[in-house]
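K.L.:
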Amino acid sequence: MKYVATLHMPVPKMKSFMRFGMSVKGMQKTHSIRSLTARDSRNRFVTVRMRWFRTRTVMMRLFPMKLRRKMSTYRTIRTDCFMSDTQKVFPGGFVVIRLDTVLDPAVLQRSQMITENPVDITSVLMDESAELSVSVTQIVQRLKGTHLHSQLEKQAKECLHKPEIKLETLKDDVRRLLKASGWERKLQNAVYRELHILPPSGHPRAPPEHTKEPLEYMCKAQVNWEKRILKSLNSMCTELGIPLARKRPVPEQKELTNKWNEMGTDEPDLSKFRPVYAPKDFLEVLVGLRNPNNERSEDLTVRSHWGLIQVSLNVRDIPQMREMYPELGLTYGQLGIDDHTHVPPDLFESEHIHIGKKVVSEQDSAAAQQYSRQGCPTGLRAQLWSLILNTTNDPEDITHYEQLKARVINHDLLVDNLIYKDVKLTASNDDYYFVFEDYLYQVLLCFSRDTAVLEHFSYNSATPPKSCIQNSSGSEQCAMVYPPNGVIPFHGFSMYVAPLCFLYNEPSTLYRVFREMYIRYLFRLHSVSSHPSGIVSLCLQFERLLQTHLPQLFYHLREIGAQPLRIAFKWIVRAFSGYLSTDQLLLLWDRILGCDSLEIVAVLAAAVFAFRAENLMEVTSLASAEAVLADLSTLKVMPLLQIFLFATSV
Amino acid sequence: MSKNKQTAGHKGACGSQKKKEGEGRSCIRYRCGLTNTIQDVLNQRPGWVEVKDDGEWDLNWCDVGWLRENFDHSYMEEHVRICHFRNHYELTRKNLMVKNLKRYRKTLEREAGRLEASKCDFFPCTFVLPSEYHIFVEEFKRSPGSTWIMKPVARSQGKGIFLFRKLKDIIDWRKDGSRSEEQKDEAQVESYVAQRYIENPYLIAGRKFDLRVYVLVTSYIALKAWLYRDGFARFSNTRFSLSSIDDQYVHLTNVAVQKTSPDYDPEKGCKWQMQQLRQYLTAKHGFETVQTLFKEIDNIFIRSLLSVQKTIINDKHCFELYGYDILLDQDLKPWLIEVNASPSLTASSQEDYDLKYRLLEDTLHIVDMEGRLTGKEKRVGGFDLMWNDGPVHTDVGLEALGSSCLVANTHLGCVNDRQKQLQQLLKPFPGQKRT
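Just so you know, the sequences run in chain order A and D.
So that you can map any letter, position 158 of the first sequence is 158 in full-length UniProt numbering, and since no number is skipped, the others follow by simple counting.
So that you can map any letter, position 10 of the second sequence is 10 in full-length UniProt numbering, and since no number is skipped, the others follow by simple counting.
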């Protein structure tokens, strides 16, 4: 394995480093080195973070004497620490974390110098098997104590009473029986699900915030953004004199129980409430993002970026996308292209449906996911999606849902009003989704009370907001996550649920599927992170694709003051929900689930611009550009994606 | 120029110079008694001109009132077309429709057996009041606790409708009715139908809805009927529950009634396109179930038309566009609620306008005043030929499915790519160049 190490975080007081041969132009400006980036033979990226400030002793041994002395004068920047046993695990005093930054030539140059450092990077990187065993332990740990685990145990015990079990081959026999009874498949699916949400290739020793977000400027931006949201929520709270939460009086509880299924008929006065934020506020945050490492204002080059997103992240271009998602290629059949909705099914469609039925009967998550890349047939979609997301509708799920419902009935939260307002503003006005108004209230209100959602903050760059809650006695105060699920809804949030109403009738099933969709994919669309499916990467990818493949259009739009991202951002944040016609939206989401990535959303946004390029070239203002792109309901998703990805010359 | 020639035709009728079949007339005079979408459609058709008042016409899109007053007195030339059949009410008046259907069912039972007759069980148990009051009471007592709905036979758009569960309610209503109207004259008593209320309608997210489907009949002997691909589902604005029996808004899905509902928001719209509904149902129940459902819906159109085939006075000048109201129950069984002769062509939204515009345009294509069709088409725009003196089957897809299985040529709720189809099908309008 050969590693190319890259320095991508600057060093404090660079001058001191220059004494050790690190005198590269452009580095004088930087302030602190804290991590290294390495690329292994398979082109995966790994970041190696140096922790010398805190693990002073470790560093002392690592660096030449002169530096050691210098280092000891610096203060620790972060207070979190994993000092004591770092040495044992990582002889070099390094920790492996994930990385996604782009490699700039200049940065690469720097990296080469680092490799000349006395540090042996290979020794600190875990090899494949170690990585795997860590993952295995983590998954085993997570699955222990779940309902599935106890059920498996119970099944195994029951097996013992069967005559075909022999003591000599006990282990194998039990395994065989579990396999035959379908429990092995269930376990497989559960493991598969854990793999999806497992923080990728992190090390258990890495502090939790690294799995959340490895880039510090991203962390900071997210923290500041959260502060703003919380402030705005708090000020609304004081302005209106409404408590964040209160217990409902009994008559009110009864009333709510009675109209649970028709909450939409209630028309509370919501004029005082305003959404905490709208996508365009969030866009401003993203536009303001800067990598302190890449102050390139002076050296604008040919590669400079015309778009609004000013950070560099590693996003895939078209050839890479082709490689990643070959199933979307022209030689593969696609639902959404190779079918004519209801005219007697053509050969591809009937074959595809046939396979789909098989996948459903096999109950295999992984197969369902692979299958979904070519689209799910309308009649099987609900089952396939549940399978991919491994959501069940066991009695315990229903009980959980009922508990959440009881919580909604018991307590009134300020965010409820925001949810009401949002549904009224979006879904209720939608030509199609208006029917599902009541379902949306039910699901979203329950969602806001679900503390199980908090789990996803271990890999989400966002942190659940906390708020002081007075004790019942009124004397003590304690910090509580608010709302209980840690997610403050914004304008358009309910559109994440709306398309799912199309598939699931049972509120508890609908709820489960939505929650799983949220903690796997949708949360990424409104938190600042460097993840490839994160909103920043998607925006950047969109702009890069446009700039590379439609430079004339991009330039024209930029000149007239209609930055493409200003138009496309709302589509991306909602993963197009509410913009496309429902059938097309579901075809798009099929691919999101199938490819396990939101990148396709960015590609579609670019493809829409490409499709309307001719008209866009004629507009002369942002308003008219918006008008050209106002109605997407006639677009056919799959042909657009295919043409853009596979029929564009690169 | 040709207009002058035409006015030289017979007095009191709509004359025209006989021209060769298929050559097409360069100018078509129409009369339009309605002021909504249809007027726009006629207006924008190239080469068509409107005539006012008593002018001579080639096509008359009249209301039923005009028909009643004038039809019998006018002489119509060969090529002239009018948009209603003389006694259209045989199908569109609630009491007559039921009468015809019951009779048709009896005939079937006698001639083809029970099984065949049972295919007509798509309308709820219905009695005409006051004439069938006694049989109604008998039936009412046989099923205690059930809900019934009363509808005046000749009124439309949900006027005068109410629900009841006790005989007492209806007795009170009868007294009320006679007292207020003063006239004791039997003929003056308004006829009502009492219909078994469908208590388990199919609900989408707790809301009731019905379907509006358009069927065009161009001839009764032999029966030739076309089914339009588009249509819509109309949702009730409030949530369905049988306990709120007095709240008529829950139960009626007519947009006309909905509009007066206190929380009606015209911006919101309460409609789904048929395509969306079909997709929704497919997503929930799978292809096969939905296919069966739509087959059953086709059956309703055909049987109901066959039931009046012999009663309606066939006239080669007439065609008629029917608006069928269909309700689904929880078992996905479709029920025929009523048939409208003059379906509401006033659009409630842009989308609705577009749908109706397309529908009427295609209707005119089929009526074919311009002589652009061969008469052998199975599809014209959004219309598919459903019945042509017998069931019509599709041409395509046979190889894939095996020749033994014939697929009905109906595509309700399917993709309506009419523009493309029309372009292939139609010769350009006279004087218009194909692009």
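A virtual CB, placed ideally from N, CA and C, is assigned to each residue, including glycine.
May I ask you to list, following chain order, the residues of the segment 346 to 362 of chain D that have a beta carbon less than 9 Å from some beta carbon of chain A?
P.N.:
Within the segment 346 to 362 of chain D, the qualifying residues are S349, E351.
K.L.:
Please list the segments of the alpha helix (DSSP H) lying wholly inside the segment 72 to 133 of chain D, counting only runs of 4 or more residues, in order along the chain.
P.N.:
Here the runs fully enclosed are 89 to 92, 94 to 112, 114 to 118.
K.L.:
Return helix, strand or coil for V24/A, following the three-state DSSP convention.
P.N.:
A caution first: V24/A carries a pLDDT of 26, below 50, which makes its placement in the model too unreliable to give a value.
K.L.:
If we call anything under 8 Å between Cβ atoms a contact, is R193/A one with N390/A?
P.N.:
Yes. Within cutoff.
K.L.:
Please list, in chain order, the chain A residues whose beta carbon lies closer than 7 Å to that of T282/D.
P.N.:
Within chain A, the residues near T282/D are T378, G379.
K.L.:
Since D416/A is in the alpha helix (DSSP H), which residue starts that stretch and which ends it?
P.N.:
It spans 414 to 425 - the alpha helix (DSSP H) in which D416/A sits, taken as one unbroken run.
K.L.:
Give the secondary structure of F17/A by DSSP, where H, G and I count as helix, E and B as strand, and everything else as coil.
P.N.:
Because F17/A carries a pLDDT of 34, less than 50, the predicted location of this residue cannot be relied on, and no value is offered for it.
K.L.:
Fully enclosed by the segment 224 to 256 of chain A, which beta strand (DSSP E) runs are 3 residues long or longer?
P.N.:
The qualifying runs are 245 to 247.
K.L.:
Under 8 Å Cβ to Cβ from D389/D, same chain only, skipping five residues before and after it: list those, please.
P.N.:
Correct list, in chain order: A222, L223, K224.
K.L.:
Which residue or residues does DSSP assign as beta-bridge partners of D329/D?
P.N.:
P201/D, per the DSSP bridge assignment.
K.L.:
Span of the beta strand (DSSP E) holding W335/D?
P.N.:
W335/D -> beta strand (DSSP E) spans 334 to 340.
K.L.:
Rounding to the nearest angstrom, what Cα-Cα distance links D58/D and V51/D in this structure?
P.N.:
Answer to the nearest angstrom: the Cα atoms are 10 Å apart.
K.L.:
Short check: CB of P499/A to CB of W385/A, under 8 Å?
P.N.:
Taking 8 Å as the Cβ cut-off, P499/A and W385/A do not qualify as a contacting pair.
K.L.:
Residues in the same chain with beta-carbon distance under 6 Å from L426/D, minus the five sequence neighbours each way, listed in chain order, please.
P.N.:
Contacts found: R372.
K.L.:
Would you kindly report the start and end of the unbroken beta strand (DSSP E) that includes Y30/D?
P.N.:
Residues 28 to 32.
K.L.:
Return helix, strand or coil for P484/A, following the three-state DSSP convention.
P.N.:
If DSSP states are grouped into helix, strand and coil, P484/A belongs with coil.
K.L.:
Output, in sequence order along the chain, the residues in the segment 205 to 224 of chain D whose CB is closer than 9 Å to any CB in chain A.
P.N.:
Cβ contacts with chain A: A205, G206, R207, F209.
K.L.:
Cβ closer than 7 Å: which chain A residues qualify as neighbours of Q276/D?
P.N.:
Under the 7 Å cutoff, chain A gives Y432, T582.
K.L.:
Using only alpha-carbon positions, find the residue among D63/D, Y75/D, F122/D, R81/D that is nearest to H317/D.
P.N.:
The shortest C-alpha separation from H317/D is found at R81/D.
K.L.:
Please classify K106/D as buried or exposed, where buried requires at least 16 neighbouring CB atoms within 10 angstroms.
P.N.:
Looking at its Cβ environment, which holds fewer than 16 other Cβ atoms inside 10 Å, K106/D is exposed.
K.L.:
Measuring only between beta-carbons, confirm whether A382/A sits less than 8 Å from chain D.
P.N.:
By this cut-off, A382/A is an interface position.
K.L.:
To the nearest angstrom, how far is the alpha carbon of L289/A from that of L525/A?
P.N.:
One C-alpha to the other measures close to 16 Å.
K.L.:
Applying a beta-carbon distance threshold of less than 7 Å, which residues of chain D neighbour F502/A?
P.N.:
Result: Y280, A283.
K.L.:
Can the beta-carbon of V215/D be found closer than 8 Å to that of Y324/D?
P.N.:
Closer than 8 Å, so yes.
K.L.:
If I follow the unbroken alpha helix (DSSP H) through Q39/D, where does it start and stop?
P.N.:
First-last of the alpha helix (DSSP H) with Q39/D: 37 to 43.
K.L.:
Where does the unbroken alpha helix (DSSP H) through T218/D begin, and where does it stop?
P.N.:
No alpha helix (DSSP H) holds T218/D; the beta strand (DSSP E) holding it covers 207 to 220.
K.L.:
Going by the CB atoms, is the gap between V435/A and A408/D shorter than 8 Å?
P.N.:
Cβ atoms of A408/D and V435/A: not closer than 8 Å.
K.L.:
D269/A: buried (16+ other C-beta within 10 angstroms of its C-beta) or exposed?
P.N.:
Under this definition D269/A is an exposed residue.
K.L.:
Hey, is W272/D's beta-carbon within less than 8 Å of any beta-carbon in chain A?
P.N.:
Closer than 8 Å to some Cβ of chain A, the Cβ of W272/D qualifies, so yes.
K.L.:
Would you please verify whether the beta carbon of T634/A is less than 8 Å from any beta carbon of chain D?
P.N.:
Closer than 8 Å: no.
K.L.:
Starting from W387/D and walking both ways along the beta strand (DSSP E), at which residues does that stretch end?
P.N.:
Counting along the chain, the beta strand (DSSP E) containing W387/D begins and ends at 383 to 388.
K.L.:
Would you be able to state if there are at least three C-beta pairs under 8 Å between the segment 395 to 403 of chain A and the segment 503 to 510 of chain A?
P.N.:
Touching, yes.
K.L.:
The beta strand (DSSP E) that contains A194/D, what's its start and end?
P.N.:
Its beta strand (DSSP E) spans residues 192 to 196.
K.L.:
Can you confirm whether T260/D, when its beta carbon is compared against all beta carbons of chain A, has any partner nearer than 8 Å?
P.N.:
Confidence at T260/D is low in this model, with a pLDDT of 45, below 50, so its placement is unreliable and the value that follows should be read with caution. For T260/D, the answer is no, since every Cβ of chain A falls outside 8 Å of its Cβ.
K.L.:
With C-beta atoms as the reference, is M638/A less than 8 Å away from I318/A?
P.N.:
No, these two residues do not count as a Cβ contact at 8 Å.
K.L.:
With H, G and I counted as helix, E and B as strand and the rest as coil, what does DSSP make of residue 456/D?
P.N.:
The question about residue 456/D has no answer here: the residues shown for chain D are numbered 1 through 435.
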